[in-house]
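For the sequence shown, the residue numbers in the working numbering are 639 to 986.
These notes concern the structure reproduced below.
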Amino acid sequence: MISIKILKAGQGDSILIRFLGNDSQYKNILIDGGNKKSEYNNHLKKEILSLQNSGQNIDLLIITHTDQDHVKGIQYLLNDHDIDKQIIKQIWFNNFESKSSSQNGDISFTESCEIQKLINQHNIKRCNNITANETLDLLNFYGAKITIISPYLEDLNKLINQNNLDISAVTNDYNYSIDDLVNLNTNLFKNHVEDLDTSLENRVSIAFLFEVHEKSILFLGDANPDVVVKSLEKLITIRSLKNLDVDYLKLSHHASVRSLSFKMLELIKTNNYIISSNRTKANLPNKISFAKILCHSKNDNITNFIFNYGESDMDNNKKLNFTTEEKNMYKFSICEPNYEHGYIITNE
639 MISIKILKAG
649 QGDSILIRFL
659 GNDSQYKNIL
669 IDGGNKKSEY
679 NNHLKKEILS
689 LQNSGQNIDL
699 LIITHTDQDH
709 VKGIQYLLND
719 HDIDKQIIKQ
729 IWFNNFESKS
739 SSQNGDISFT
749 ESCEIQKLIN
759 QHNIKRCNNI
769 TANETLDLLN
779 FYGAKITIIS
789 PYLEDLNKLI
799 NQNNLDISAV
809 TNDYNYSIDD
819 LVNLNTNLFK
829 NHVEDLDTSL
839 ENRVSIAFLF
849 EVHEKSILFL
859 GDANPDVVVK
869 SLEKLITIRS
879 LKNLDVDYLK
889 LSHHASVRSL
899 SFKMLELIKT
909 NNYIISSNRT
919 KANLPNKISF
929 AKILCHSKND
939 NITNFIFNYG
949 ESDMDNNKKL
959 NFTTEEKNMY
969 KFSICEPNYE
979 HGYIITNE
């Protein structure tokens, strides 16, 4: 019994996992909090109040990294007088002390330090050394298996106060068809010459494989593709697999093309891709990311792209403009929000 809620969270991520633990009690894991105050009030807060009112807890809160579109909603949560902080049993947060209170539109050290203070103020148990290791050890969480695949300790140790610009495109590619994107980017699709994300901030994003009740989900946060590939190659070798077969893949960095490599696609087998984005930040997702996935797909099954915001939520210049002909030709479907707070995947 498991459900995954991909919540409407503004530009960022906010995902709520619920599963039946091995103590016969339901457990809840919250991954990030998004960044938009109105979306926090309308969606994440309502979900947490529902848990609180039913006597359930947030058994684990995972803050993947310090980007504002992941941490801001957690700051709202920890400052919210309507939320009983005692229901938050444990937090994973690899924060660090910065030398100055610097901030840009994406990476927020001041807010991260504020969250750290709030965690201490509310006396919440915290782990700040969540890293992948050479043997990719399994963590057992009430019967669920968690394998950390990012970050590595050496990258955490390198991270200092930096103000890198966002890595994404200035304009979107939504008016191009999939065929146009493939034909206009021959170096990418024929020669696999890729311009991938190398930012240190995304190299330290927590990413992990979650396995419970014969279901598996790969949550990538904003993880760097090289880091993901490094860990997946190890995991596949350790488990004596051909590739990693998962039920769902939450795409890294809101489906940025620079966070999705062909090598990663070779290592992961899935038909279900999760995209968390309201398309107001840096024109993410990139439509060319879908072209990469679809051109790489080798099976006859339908590929499902799962969104927490629908086309009807978008202005005309933010619509992805997939045609029925394309969906039939490339065998994919668009899964739009199916409940008031976003998209829910359930196996109950």
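All C-beta atoms, glycine included, are put in the ideal place defined by N, C-alpha and C.
Return the chain-ordered ranges of every beta strand (DSSP E) run that is complete within the segment 670-725 and spans a minimum of 3 residues. 698-701
Any chance you could list the alpha helix (DSSP H) runs of at least 4 consecutive residues sitting entirely within the segment 741-793, in chain order? 747-759
Does the segment 875-884 come within contact of the segment 690-702, defined as at least 3 CB pairs closer than 8 Å? no
Within this structure, are the beta carbons of residue 982 and residue 641 separated by less than 9 Å? yes
Cβ-heavy atom distance, residue 727 to the ligand GTP, below 8 Å: Looking for the ligand GTP in the displayed structure turns up nothing, as the structure carries no ligands at all.
Below 8 Å, how does it come out for the segment 847-862 and the segment 818-830: are there three or more Cβ pairs, yes or no? no
Taking 9 Å as the threshold (C-beta atoms), are residue 661 and residue 702 in contact? no
According to DSSP, is residue 738 part of a helix, a strand, or is it coil? Caution applies to residue 738, whose pLDDT of 44 falls short of 50 and renders its modelled position unreliable; the model cannot decide the point.
If residue 871 sits next to residue 905, beta carbons under 8 Å apart, how far is it from one beta carbon to the other, in whole angstroms? 7 Å
Smallest Cα separation from residue 841: which of 933, 866 and 764? 866
For residue 891, I'd like the list of residues in its chain whose CB is within less than 6 Å of its CB, leaving aside the five on either flank, ordered along the chain. 860 and 897
Which runs of the alpha helix (DSSP H) at least 4 residues long sit entirely within the segment 925-954? Give them in chain order. 925-934
Rounded to whole angstroms, what's the CA-CA distance from residue 639 to residue 655? Just pull it up for me. 11 Å
Looking only at its chain, what residues have a beta carbon closer than 6 Å to the beta carbon of residue 653, apart from the 5 residues adjacent to it on each side? 644 and 669
Own chain partners of residue 862 with C-beta closer than 6 Å, once the 5 adjacent residues on each side are dropped: 835, 840 and 841
By Cβ distance, which residues of its chain are closer than 6 Å to residue 984, with the 5 residues on each side in sequence left out? 641
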